[in-house]
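Worksheet: the structure to be examined is printed underneath.
Numbering (this note's numbering), first residue to last: 255 to 979.
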């Protein structure tokens with residue numbers, strides 16, 4: 255045998271492991287065959303590489319890297335199962351067989367894709383790239399020819415990346431006319447190569463992001479951003495020329511400004527000026543997708559003479575769709591019931607005896623025992639179903655598609671069990687959705703997932719959520735908020751006792767043991783998470799290392815956990831936060847000091863944190879603060895004085911502190927205040943009424959939260975306490 259792939263006819267056996275069924279395609283990097291694994295009886299795709307383009311050094315290098323590539327298991331990456339040499343001459347590798355077409359083939363037919371369709375594909379490409387980069391694998395040859403599209407369901411497209419590392423192996427492109435032949439120096443396809451790739455410099459994962467930008471550019475305009483007369487001219491253009499705009503390249507087509515900005519950043523000459531991860535690109539694409547969906551909805555609202563109706567519950571839909579059937583059914587039941595009563599009356603006691611014998615033949619204890627058995631059996635079935643789901647690898651997200659004129663994300667969750675609740679949030683709407691069965695969710699929504707306890711008991715289920723699918727995760731305990739269990743002040747109006755954090759720490763607080771440091775490790779693939787709620791969970795300071803792997807994190811809730819302020823200060827997370835909940839966390843002075851002069855923090859919740867006057871000074875430097883909760887800290891009137899510097903503060907909670915009505919002197923100067931809470935401070939009803947009146951002089955619209963039913967009057971305070979019986 256010559257080691258030439260053209261010699262492999264149907265029926266030919268390769269290394270006594272694969273039987274050739276037929277040719278799928280061929281190009282500059284060899285041929286791809288449809289083969290059957292002789293021992294597994296499974297069809298695969300087998301790529302045979304040109305022996306003359308693979309040096310011994312590059313083959314050894316690829317073997318090392320291929321071991322890592324073969325371990326990549328992601329829905330947007332084609333699996334590699336095996337690799338070797340045909341008779342020690344021609345390299346091959348066996349991979350997952352796909353029934354579809356490459357994006358390059360699709361573009362050859364359609365020339366360009368609409369923005370929405372392109373985004374749906376490239377979000378998946380980014381998800382696969384992010385996963386590979388996280389495992390230290392660089393593709394080096396991102397282009398439409400290496401993106402394979404499959405229609406997994408009508409209207410639902412799955413995108414998969416192929417040929418990881420192959421460009422590095424061969425030093426050539428896949429069938430490109432402008433191929434470079436410098437193995438070991440320059441790898442890739444010239445039309446899509448990054449400037450650093452073109453210069454033969456060391457590359458990192460950001461080279462893939464440049465190639466991604468060039469591919470997206472071509473997908474939207476039908477043209478690559480740079481194309482010279484030959485390969486070297488194209489390479490030079492990548493290093494020196496400014497790419498044309500989408501408008502110019504498409505000869506006048508309109509594109510969203512955000513998509514132009516994204517492509518400009520992806521095609522930046524300096525890797526430092528590009529997005530710093532594929533996850534960032536995926537998040538930006540999702541943002542653009544939602545922007546387009548919102549614009550589409552707004553246009554439809556303007557066109558509709560009756561406006562847009564709010565989503566209707568399934569129950570209402572069912573009632574309205576089957577109104578006449580339901581009414582007829584009810585009438586039939588009423589007639590049947592009346593007839594039954596008449597018959598019973600005619601039969602008299604005999605009927606009662608028969609019925610009672612049937613109903614009460616078994617004792618109540620036996621019935622309870624049977625009911626318990628049934629309940630335990632159902633519980634075991636449910637637990638087994640959750641365990642089974644935790645062992646699966648398939649992602650819940652199947653892709654985006656157009657449904658009823660709207661861009662929607664398609665999810666396939668288990669049919670028989672619910673994993674928890676999804677909270678769907680948009681600019682003008684919020685609703686909840688049971689995480690069960692097949693869901694089509696409009697892409698305009700941000701999604702916050704609250705897993706139930708059985709899901710948390712099987713945390714590997716969380717690994718099936720891809721990057722970009724969730725914006726928030728709520729892992730808080732399902733118990734009532736402990737702040738509601740704080741006892742109100744007594745009838746004498748005395749202020750709440752100053753909290754002792756050492757005592758609080760020793761008190762047995764209920765924490766959700768199912769949420770711990772390991773739970774968060776099952777979520778690290780979801781780089782799109784902005785909100786992580788861990789209140790009353792069993793995490794410790796060690797989890798902050800894991801939390802640092804969420805680049806979009808801006809809302810962190812760690813109240814009632816073992817995490818303390820010193821650990822937060824050292825974590826590096828605080829600089830990017832917009833919201834921090836740290837109820838009852840110790841050593842918070844360190845975290846507050848680390849947040850000094852923060853230009854990002856909007857909301858700070860630190861009740862029961864032994865906040866001091868010095869801490870208030872530091873808080874007063876956080877100029878963007880709009881909400882501040884200082885409840886149950888031993889603060890007095892003078893401690894509050896620095897808060898007047900917070901010009902945007904509109905919501906302030908001072909429940910259970912040591913303040914008096916004299917704090918009006920400071921609070922009346924906080925001009926932006928819209929809500930203030932001063933419960934449990936030992937004030938009388940008269941003092942509160944006076945405080946309200948004075949505050950409303952400054953801001954007539956201000957809301958002052960207090961329950962006057964819990965507050966004694968001066969007369970009640972003067973009355974002697976009733977004698978004990």
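C-beta atoms are modelled at their ideal positions from N, C-alpha and C, and glycine is treated no differently. Just so it is clear, the structure is predicted and the values come from calculations on it, not from any experiment.
Give the secondary structure of residue i by DSSP, where H, G and I count as helix, E and B as strand, and everything else as coil.
| i | result |
| --- | --- |
| residue 212 | Given that the chain is displayed from residue 255 to residue 979, the structure contains no residue 212 and the question cannot be resolved. |
| residue 297 | strand |
| residue 683 | strand |
| residue 713 | helix |
| residue 942 | helix |
| residue 459 | coil |
| residue 287 | strand |
| residue 506 | coil |
| residue 871 | helix |
| residue 512 | helix |
| residue 766 | strand |
| residue 389 | coil |
| residue 542 | helix |
| residue 866 | coil |
| residue 327 | coil |
| residue 795 | coil |
Just to confirm, are residue i and residue j a CB contact at a threshold of 9 Å?
| i | j | result |
| --- | --- | --- |
| residue 856 | residue 697 | no |
| residue 381 | residue 326 | no |
| residue 709 | residue 701 | no |
| residue 790 | residue 833 | no |
| residue 878 | residue 844 | no |
| residue 869 | residue 787 | no |
| residue 345 | residue 720 | no |
| residue 402 | residue 357 | yes |
| residue 464 | residue 522 | yes |
| residue 836 | residue 812 | yes |
| residue 383 | residue 288 | no |
| residue 908 | residue 885 | yes |
| residue 706 | residue 676 | no |
Name, in chain order, the residues that DSSP records as bridge partners for residue i.
| i | result |
| --- | --- |
| residue 905 | 881, 929 |
| residue 347 | 301, 337 |
| residue 789 | Paired residues: none, contrary to the question. |
| residue 728 | 787 |
| residue 661 | 656 |
| residue 666 | 692 |
| residue 703 | 676, 727 |
| residue 835 | 811, 859 |
| residue 959 | 931 |
| residue 651 | 665 |
So, at 8 Å on beta carbons, what are the nonlocal neighbours of residue i in its own chain, with the 5 sequence-adjacent residues on each side left out?
| i | result |
| --- | --- |
| residue 950 | 956 |
| residue 270 | 292 |
| residue 830 | 807, 808, 854 |
| residue 527 | 519 |
| residue 782 | 533, 536, 537, 540, 721, 722, 723, 724, 725, 806 |
| residue 406 | 412, 652, 653 |
| residue 668 | 639, 643, 690, 691 |
| residue 512 | 538, 541, 542, 545 |
| residue 509 | 369, 474, 500, 501 |
By Cβ distance, which residues of its chain are closer than 7 Å to residue i, with the 5 residues on each side in sequence left out?
| i | result |
| --- | --- |
| residue 803 | 778 |
| residue 459 | 387, 392 |
| residue 265 | 273, 274 |
| residue 475 | 366, 500, 503, 504 |
| residue 899 | 874 |
Going by beta carbon distance, what residues of the same chain come within less than 6 Å of residue i, once the five residues before and after it are set aside?
| i | result |
| --- | --- |
| residue 930 | 906, 958 |
| residue 335 | 348 |
| residue 286 | 278, 279, 299, 301 |
| residue 693 | 665 |
| residue 841 | 818, 819, 820 |
| residue 946 | 958 |
| residue 473 | 367, 372 |
Going by the C-beta, is residue i closer than 8 Å to any heavy atom of the ligand FAD?
| i | result |
| --- | --- |
| residue 887 | Only the bare structure without any ligand can be found here, which leaves the ligand FAD out of the picture. |
Pairs of beta-carbons, one from the stretch 401-421 and one from the stretch 501-519, closer than 8 Å: are there three or more?
no
With three or more C-beta pairs closer than 8 Å as the rule, is the stretch 448-464 touching the stretch 354-366?
no
Can you find at least 3 beta carbon pairs, one from the stretch 365-379 and one from the stretch 457-472, that sit closer than 8 Å?
yes
The stretch 914-921 contacting the stretch 929-943, beta-carbon criterion three pairs below 8 Å
yes
Count the CB pairs spanning the stretch 480-489 and the stretch 527-541 that are closer than 8 Å, and state whether there are at least three.
no
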